[in-house]
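Just below is one structure, and these are the notes that go with it.
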Amino acid sequence: MNITAVKTKPYSDQIFGTSGLRRRTSVFMQKNYIHNVVQSFFNAIQGFEGKTLILGGDGRYGSSKALQIVIKIAAANGVGRIIVGKKGWLSTPALSHLITLNDAFAGIILTASHNPGGKDGDFGIKFDLKNGAGAPLSVTNRISQCAKAITHYWWFDAPDVELGNIGTKQIGKTQVEVIDPVEDYAAYMQEIFDFKAIKKLFASGFSFVFDAMNAVTGPYAKYIFEELLGSPAGSVRNAEPKVDFGGLHPEPNPVYAAHLVKMMKAPNAPDFAAASDGDGDRYMVLGKNFFIDPSDSLAILTEHLDKIPFYHKRLYGVARSMPTSEAADFVAKRKKLPIYKTPTGWKFFGSLLENKKISLCGEESFGAGSNHVMEKDGLWAILAWLNIMAITHKSPQKLVQELWDKDGRVYYVRHNYEDIPLDQAQNLMRALASRIASLPGQKFGSLIVKSAEVFNYTDPVTSEVAENQGYIITLSNKTRVMIRLSGTGSVGTTLRLYFSRHERKLNEAPAEVLATVILATSSILQLEKYIGVNTPTTIV
Ligand code: G1P
Ligand code: ZN
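In structure tokens form, the structure reads like this:
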């Protein structure tokens, strides 16, 4: 046999964050770094011998090497079948769908999501389990423990498997099936959405631009929007996945997709525009000269999703992450739907989706999804918008304005303080923890603190407890701030501050509406004292 045990030494930093392990590409390229993580995954789980594994990713720099490492370690550990997207391409939601479709025991996704790619960018690895959802904390903690104690990995010594052509290959007893990454996902989308109605919308002259940001959704979008739905050729832009994303930063938001926002401000702007991230689980949607806040987008989906036959009478409930604005709560209340507030990170929606507590969920960070797959799904969200517009015959702007008319508008902004030294960030959070109970009643600028709490969460299904998931401070004038540290960075620490204000006045500038709560927060947290600055590095 060609299977050998290869000696290795542990790395101390293989600790999983909000969504898998993300580090600088150069960190991942260290000797045996990927080998250790992958073997630790197999050490941490059981019952995979002879079973199916789904493998893919966003094709970023480092993927071709990493794919071969995963294949050889999986084969050496006794995996029966590996289904891998051609060229190693699979979007996160498509991979999740393939897990359930093929009754696989797990999926391995090589991506750092929306982080920049390339030699000087980031690389990452995520694990999905049998149900198609991201591995929960209990499992990722076990993987980290295994990684700390690793002494050797199992290796199948064989030439690299050709991944450029569709077909079946063999590596020892393990079958490697290279598949079209798009086919099954596109078929599934046609089960969910009314493609005829969307086709009609496009045929009526409704204009649309989708920007794949040179990441993995390009081939999916070309096929779905242009070939199946008849959006004119060229509607899908930056459609060829590139190892460095062609220099773009595939994070769909107004900062990194500024070119799209600018395009939508021009007089000849299309009716609707959208973008997706590196691995295809995030999305941004824009109307003519009109940015749609992701929290508002979740509210729109809550309002209209059950008009789509697949969801008719099947909208069980809705969930949003804690820092997401409460726009969806108002809709859920009106529609008498249960609404859940979870910690940040898609994995917290898993048990709610699986147990039919909810069928829709979303985050402020440009993520939305439903119980069709257990990962968030950017193209799904965009198709949902298109289908809703095809049914209601309303523009994006009109849909949002109607929502605000009913419920008022929740003005919202997220401030990121990136790359802060860890000790400074920790000191700031510790100081806040010690003062949190004494904040109610205190005045900061023109605002009075009404309530202040640490967010602890007990999963309503599994009773698993997640403590210290950030702080929520509610102030006068219906203002609120949420405070937490990011769990996805690859260097330094990122402090995230999420500001919101519920208002009946609908067409104000968010920066002005939120100015008082931003100012008050700066003194509540004593930003200058703890981190030396009080202006964020990015606002998005
Ligand atoms: C960020 C987002 C969060 C999302 C995660 C993975 O995590 O804020 O909503 O689930 O990326 O895409 P954070 O860096 O804040 O821990
Ligand atoms: Zn992503």
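Under this note's numbering, the first residue of the sequence shown carries the number 575, and numbering increases by one thereafter. No residue lacks a Cβ here, since even glycine has one placed at the ideal position from N, Cα and C.
CA-to-CA distance, residue j to residue i, given in whole angstroms
i	j	result
Gln998	Ala1005	11 Å
Gly1066	Lys950	26 Å
Lys968	Met838	17 Å
Asp758	Leu672	8 Å
Met754	Tyr885	Correcting the residue type first, residue 754 is Asp in the shown sequence and not Met. Their backbone Cα atoms lie some 28 Å apart in a straight line.
Thr685	His609	16 Å
Ala1011	Ala1026	7 Å
Lys773	Gly804	6 Å
Ile766	Leu973	21 Å
Tyr585	Ser718	10 Å
Gly943	Leu711	20 Å
Ile1022	Val1055	13 Å
Tyr914	Thr626	34 Å
Phe776	Gly1106	52 Å
Ile994	Val601	20 Å
Gly681	Ala760	19 Å
Asn788	Gly741	26 Å
Pro912	Gly691	39 Å
Gly1044	Asn576	49 Å
Thr748	Gly624	8 Å
Met963	Pro970	7 Å
Gly861	Ile1057	30 Å
His978	Ser925	Reading off the sequence, residue 978 comes out as Trp, not His. So the alpha carbons of these two residues sit roughly 31 Å apart.
Lys743	Leu802	31 Å
Ser781	Leu960	11 Å
CB-CB length for residue i against residue j, believed under 8 Å
i	j	result
Thr1068	Glu992	5 Å
Ser1030	Glu1041	Checking the sequence shown, residue 1030 turns out to be Asn, not Ser. With a Cβ gap of about 5 Å, Asn1030 and Glu1041 count as contacting.
Val859	Ala848	5 Å
Asp734	Gln642	5 Å
Tyr986	Ser871	11 Å between Cβ atoms; not a contact.
Leu1059	Ala1094	That pair is no contact at about 20 Å.
Of the listed residues the options, nearest to residue i (C-alpha basis)
i	options	result
Asn990	Ser718, Phe679, Asn606 and Val829	Val829
Leu889	Ala1040, Leu879 and Ile608	Leu879
Asn863	Ala843, Ser670 and Ile645	Ala843
Leu669	Ala640, Arg655, Leu629 and Ile643	Leu629
Gly919	Lys700, Trp663 and Ala680	Lys700
Gly662	Arg1070, Leu737, Phe769 and Met575	Leu737
Asn929	Val580, His946 and Met763	His946
Val713	Ser593, Val1107, Thr1032 and Met787	Ser593
Gly1019	Ser1096, Asn961, Ala1007 and Gln975	Ser1096
Ala958	Gly636, Val644, Ala873 and Tyr797	Ala873
Check: residue i C-beta below 6 Å from any heavy atom of the ligand G1P
i	result
Glu937	yes
Ser1060	yes
Trp728	no
Ser850	no
Trp954	no
Gly924	no
Trp920	yes
Ser1064	no
Ser871	no
Tyr898	Going by the sequence as given, residue 898 is Thr instead of Tyr. No; taking the cut-off as 6 Å, the Cβ of Thr898 has no heavy atom of the ligand G1P nearer than that.
Ser586	no
7 Å Cβ cutoff met for residue i and residue j
i	j	result
Ser614	Ala721	yes
Lys910	Ile965	no
Asp853	Ser665	yes
Gly792	Ala813	yes
Ala648	Ile656	yes
Gly1015	Gly591	no
Pro897	Tyr1072	yes
Glu800	Val810	yes
Ser850	Glu938	no
Asn705	Met948	yes
Val752	Lys887	no
Trp729	Asn651	no
Leu1002	Tyr1104	yes
His726	Ala832	no
Ile932	Ala893	yes
Ile745	Thr582	no
Ser1064	Asp632	no
His688	Pro824	yes
Thr876	Ala902	yes
Val679	Phe622	It is Phe, not Val, that sits at residue 679 in the sequence shown. Closer than 7 Å, so yes.
heavy atom of the ligand ZN below 6 Å from residue i C-beta
i	result
His823	no
His671	no
Asp855	yes
Ser687	yes
Any non-hydrogen atom of the ligand HEM closer than 6 Å to residue i Cβ
i	result
Asp818	Summarising the ligand content, the structure contains the ligand G1P and the ligand ZN and does not contain the ligand HEM.
Residue-level contact to chain B via CB, residue i, 7 Å cutoff
i	result
Ser1020	Here there is only one protein chain, and chain B is not present.
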